[in-house]
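Residue numbering for the sequence shown follows my numbering, beginning at 172 and increasing consecutively. Everything on this sheet refers to the single structure shown next.
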Amino acid sequence: MTNNSTKSKVVFDISMSLDGFIAASNRTAEEPMGAGGERLHGWVMDDEDSRNRKLLEEAGQGLGAVITGRVTYDDSLRWWGANGPTGPARIPVFVLTHQTPENVPEDSVYTYVNGIESALEQAKKAANGKVVSVMGGADTAQQFISAGLVDEISIHLVPVLFGEGIPLFEKLGDEHILLEPVTIMDTSKATHLQYRVVK
């Protein structure tokens, strides 16, 4: 049997405000995206423009594994449950953490991993040639991008200015990272930008 793990494309995918924030200010346990921050995901539930839904469905069809940070996991577990962010599809999720959580859902899709290289190796193996998606938070994204481990960056740019919050591209170092546009799709809820990382 051929090992397709090395063929898996690594895509960082996230929604962002026009001024570069992936969450608004005043984050709480009840509002982990900050006050009004959920509007970043408004395009996901858009019933007026079918292109938004189609984009989400196509991304899900090619997905083989997910990597996420511990903060995003902790903030989202109540909604994700044991099935993870992909629901009934039950795509494997690798959570970056220094310590396994005390309360782990039974029969869940989660694997708890220490270190981005280990997480990526295990995610690629699980994806078996399909896409590995790196999702929030900002620190996880910055680590993967800075280490040159991302093949594509997909930004869903939402027409809102937060003014303050959690910035996405704050700690990438002083080296320029060159990007090549792949696709751009503009809708009323978000402009979807897909870039290939030039290596």
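In this text, a Cβ means the ideal position worked out from N, Cα and C, and glycines have one as well. If you're wondering where the values come from, they're calculated on a predicted model, not measured in any experiment.
Reference residue i; option with closest CA among the options
{"i": "L211", "options": "H363, T362, S186, D278", "result": "S186"}
{"i": "I238", "options": "D310, A290, N223, F340", "result": "A290"}
{"i": "R222", "options": "A200, N285, M356, G307", "result": "M356"}
{"i": "R367", "options": "A195, G207, G319, A194", "result": "G319"}
{"i": "K295", "options": "D322, E273, P272, Q313", "result": "D322"}
{"i": "V369", "options": "V353, A361, S359", "result": "V353"}
{"i": "P339", "options": "D184, F183, F192, S179", "result": "The sequence given here has Leu at residue 339, not Pro. Nearest option by C-alpha distance: F192."}
{"i": "L332", "options": "G205, L189, D217, L267", "result": "L189"}
{"i": "P276", "options": "N254, R261, P263, Q270", "result": "N254"}
Minimum Cβ-Cβ distance from residue i to chain D less than 8 Å
{"i": "A260", "result": "The structure shown contains no chain D, having only a single protein chain."}
Where residue i falls, given that 16 or more other Cβ within 10 Å makes a residue buried
{"i": "V280", "result": "buried"}
{"i": "V181", "result": "buried"}
{"i": "I316", "result": "buried"}
{"i": "E351", "result": "exposed"}
{"i": "H363", "result": "buried"}
{"i": "Q232", "result": "exposed"}
{"i": "G286", "result": "exposed"}
{"i": "G307", "result": "buried"}
{"i": "M172", "result": "Note that M172 scores a pLDDT of 41, beneath 50, so its modelled location is shaky; the value from the coordinates is reported in the next line. It is exposed - the Cβ of M172 has fewer than 16 other Cβ atoms within 10 Å."}
{"i": "H327", "result": "buried"}
{"i": "T311", "result": "buried"}
{"i": "K360", "result": "buried"}
{"i": "Q365", "result": "buried"}
Residues sharing a beta bridge with residue i, DSSP
{"i": "D184", "result": "S325"}
{"i": "D357", "result": "T362"}
{"i": "L382", "result": "The chain is shown only over 172 to 370; residue 382 falls outside these bounds and no answer can be derived."}
The beta strand (DSSP E) enclosing residue i, as first and last residue numbers
{"i": "F192", "result": "192 to 195"}
{"i": "S304", "result": "302 to 305"}
{"i": "A337", "result": "With the sequence shown as reference, residue 337 is identified as Ile, and Ala is not the correct amino acid for it. Residues 336 to 338."}
{"i": "T282", "result": "281 to 284"}
Residue i: first and last residue of the uninterrupted alpha helix (DSSP H) it sits in
{"i": "S179", "result": "It is not in any alpha helix (DSSP H) - S179 carries neither H nor E in the DSSP assignment."}
{"i": "I316", "result": "309 to 317"}
{"i": "E292", "result": "287 to 298"}
Minimum length 3: unbroken beta strand (DSSP E) runs contained in the stretch 221 to 274: 234 to 240, 264 to 267
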